[in-house]
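Residue numbers (numbering that gives the first Met the number 0), protein chains in the order written: chain A, 0 to 106; chain B, 0 to 106. Glycine included, each C-beta is placed from N, C-alpha and C at the ideal position. Small disclaimer: the values here were computed from a predicted structure and weren't measured.
Number of protein chains: 2
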Amino acid sequence: MGITKSHIFSPAQNELANVAKVLAHPARIAILDYVSKQENCICNDLVDVIGLSQPTISQHLNEIKKIGLLKGTFEGKNLCYCINREKWNELQNLLHSFFNNINQNCC
Amino acid sequence: MGITKSHIFSPAQNELANVAKVLAHPARIAILDYVSKQENCICNDLVDVIGLSQPTISQHLNEIKKIGLLKGTFEGKNLCYCINREKWNELQNLLHSFFNNINQNCC
DNA sequence: TTATATTATTGTAATATTGCAATATATTAA
DNA sequence: TTAATATATTGCAATATTACAATAATATAA
Chain A
0 MGITKSHIFS
10 PAQNELANVA
20 KVLAHPARIA
30 ILDYVSKQEN
40 CICNDLVDVI
50 GLSQPTISQH
60 LNEIKKIGLL
70 KGTFEGKNLC
80 YCINREKWNE
90 LQNLLHSFFN
100 NINQNCC
Chain B
0 MGITKSHIFS
10 PAQNELANVA
20 KVLAHPARIA
30 ILDYVSKQEN
40 CICNDLVDVI
50 GLSQPTISQH
60 LNEIKKIGLL
70 KGTFEGKNLC
80 YCINREKWNE
90 LQNLLHSFFN
100 NINQNCC
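Laid out in structure tokens, this is it:
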């Protein structure tokens, strides 16, 4: 009926799926690509750099913020987004563990 | 207007997003969890193990197969799904590269 | 062949996601 | 204060996803 049955899965499975969901759009990959490569945490150029409207970029940023991958601080008149490296590493480890859990004795 | 503008993003960004999209549902995580832990590549128990209907499991399996993460072979009367380890490692590296691309000099 | 078991496909309904125009809010500068 | 700039929110339309019942297709066993 069109609704994910989250309750039948484990918290770990749901968490991993939710993280993947944030990465499951090229605009959000592009945003993370761009933000993570900025020397000085310069911010929203994103609308120009990526080529989606300001409301759309704002929504994507919000999805990324919801899982804690970005932290925002005001500097001057610009709201500056930076990668939250603690969370970044945490999610990297989460994915790493998932991929390393494969049974190498499988056919 | 409800359609992802894939053309404005790079092939790498779209590919990563498409991989993440497959992982972005707990049923597919659960399927990969289960299949990867089977010693003998035994198959569909998945309907019983996971608790979704047979058509739904079949659809999820298809999404996973589309990116090459599963290979299926007939053995006896059962269609047996196994992890495609080459693709598995390839996608692991893809995600690994993405996560390692962060600029550690960011604020 | 027929019966049984497994998987795939089709059709449909409910929900979620994507994108933007219009608007509101917030901050800085004058 | 007011003007200018940046970001967030709302409302809407188009598309995508999720799930399952019903059915079809495939393969094995009898």
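For B:Asn92, which of A:Asn61, A:Ala11, A:Gln58 and A:Phe98 has the nearest alpha-carbon? A:Phe98
Contact criterion: CB-CB distance below 8 Å. Does A:Pro54 meet it with respect to chain B? no
Where the segment 17-32 of chain B meets chain A: residues whose CB sits under 9 Å from a CB there: Asn17, Val18, Ala19, Lys20, Val21, Leu22, Ala23, His24, Pro25, Ala26, Arg27, Ile28, Ala29, Leu31 and Asp32
In whole angstroms, give me the CA-to-CA distance for A:Lys4 and B:Val48. 14 Å
Measuring only between beta-carbons, confirm whether B:Lys65 sits less than 8 Å from chain A. no
Just the C-alpha distance for A:Ala29 and B:Phe8, rounded to the nearest angstrom, thanks. 7 Å
Going by DSSP, what residue range makes up the alpha helix (DSSP H) through B:Phe97? Arg84 to Asn99
With the cut-off set at 8 Å, would you say B:Ala16 and A:Ala16 are in Cβ contact? For B:Ala16 and A:Ala16, no; Cβs fall outside 8 Å.
Run down chain A in chain order and give the residues with a C-beta less than 8 Å from the C-beta of B:Asn100. Asp32, Ser35 and Lys36
Interface partners of B:Ile7 on chain A, CB under 9 Å: Pro25, Ala26, Ala29, Ile49, Gly50 and Leu51
How would you write the range of the alpha helix (DSSP H) that A:Asp47 sits in, first residue to last? Start and end: Leu45 to Ile49.
Pull out every residue of the segment 81-95 of chain A whose Cβ sits closer than 9 Å to any Cβ of chain B, in chain order. Cys81, Ile82, Arg84, Trp87, Asn88, Leu90, Gln91, Leu94 and His95
Rounded to whole angstroms, what is the Cα-Cα separation between A:Gln37 and A:Thr55? C-alpha separation (whole angstroms): 21 Å.
Can you check whether the C-beta of A:Gln12 is within less than 8 Å of a C-beta belonging to chain B? yes
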